[in-house]
Amino acid sequence: MNPDSPESDRPAPPGDEPSVPSASAEPLAQEQSPSGTPPDTDGLIGPLPVGPPRRPGRIVATVLGVALAMAVLGAPLGLLWAALAPDTPVLKVAEGAIYAEPQPEQPIAADGWFSLVGLAFGVLAALVLWFVLRRWRGPVGLLSAVLGALAAAPVAWQVGRRVGLGTYDRLLDSAPAGQAFTKPADLRAGGVDWLLGVLPVPHGNLLLPAFGAAVTYTLLAGWSRWPSLRPEPDPEALSWASAGTPVPQAAPEPPAPGAAEPPRG
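Residue numbers for the sequence shown follow our numbering, beginning at 12 and rising by one.
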């Protein structure tokens, strides 16, 4: 026992030993997140969200609903075509009506205008479906766009060709021979064939709206930056955000009652 410091050489009781922090306590505390899930190796907090599974019934309802809506839009498309396409001058004869000119350009212009408005309709429809139906991007969206364009084209044709058709039929029946009048626009480079008498099969420029929709939707899918074609969180942005957040350090433990103070000065 040292007389200058009588308590320094005295052994401490068994229950008063200074607690030494364990070296494995901090790593164990850092291996789990507050929610109990192990941290991502890239610094991400949790896995990326996964969308709910798609049901076949909802897929069929979505495709049919989009096709029906686009078929209804074929009516104003036909009115637009009828307003742009010129009427063809004809002459009444004993057998019916003949062209007033030997080689009229109006029927060719009618086919050309239908091709242009139909192709533009398919492109716009694909763009709208891509941004509106984000959840259904992929084969479902492509099928909806193509079927809708196929349904809209015959509707546009039938609506457009009937504008002024009643007046033409009345003049064809009652006009005297030699009278000139006009025939409303109609298609010569397209139409609908019936497979087995029950299934309509469009052909010619009636396929251009579906062609424009398919090409546009495929290009949008090819240029998408996300593998699932739907917006996803950016892993690099989340990784930088996690790395930039400082981790709070544990406060140092107070010294033991009998520990010697560090030298001063």
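Even for Gly, the Cβ is constructed at its ideal location relative to N, Cα and C.
Treat the numbers as computed from the prediction; the structure is a model and nothing was measured.
Runs of alpha helix (DSSP H) lying entirely within the segment 174 to 223, each at least 4 residues, in chain order: The qualifying runs are 176 to 185.
Look up Pro-100 in the DSSP assignment and say whether it is helix, strand or coil. Three-state result, Pro-100: strand.
What's the gap between the Cα of Val-83 and the Cα of Val-157? Straight-line Cα distance between these residues: approximately 15 Å.
Taking Lys-194 as the reference, give the member of Asp-98, Ala-164, Gly-76 and Leu-90 with the closest Cα. Per the Cα distances, Asp-98.
Straight-line gap, Leu-8 to Gln-114 (C-alpha atoms, nearest Å): This structure does not reach residue 8, given that the chain is present from 12 up to 276, and the question cannot be answered.
Limits of the unbroken beta strand (DSSP E) element including Gly-107: That run of the beta strand (DSSP E) goes 107 to 110.
Beta-carbon within less than 6 Å of Leu-182's beta-carbon, same chain only, minus the 5 sequence neighbours each way: which residues are those? Result list for Leu-182: Phe-192, in chain order.
Quick one, which of Leu-219, Leu-218 and Asp-204 has its alpha-carbon nearest Val-212's? It is Asp-204.
CB-CB under 8 Å to Gly-215, same chain, minus the five flanking residues each way: which ones, in chain order? Cβ neighbours of Gly-215 beyond the five flanking positions: Leu-198, Ala-200, Gly-201 and Gly-202.
Indicate the three-state DSSP secondary structure (helix, strand or coil) for Ser-235 in the structure shown. Note: Ser-235 maps to coil in three-state DSSP.
Close Cβ partners of Ala-162 (< 8 Å) along its chain, the five nearest in sequence each way excluded: So the qualifying residues of the chain are Ala-78, Leu-79, Met-81, Ala-82 and Gly-85.
Does the Cβ-Cβ distance between Ala-160 and Pro-118 come in under 8 Å? No, Cβ-Cβ distance for Ala-160 and Pro-118 is not below 8 Å.
Pairing CB atoms from the segment 221 to 230 with CB atoms from the segment 120 to 131, are three or more of them under 8 Å? Contact check between the segment 221 to 230 and the segment 120 to 131: three or more CB pairs, one atom from each, fall below 8 Å, which counts as touching.
Terminal residues of the alpha helix (DSSP H) in which Gln-169 lies: Per DSSP, Gln-169 is one residue of the alpha helix (DSSP H) stretching across 150 to 172.
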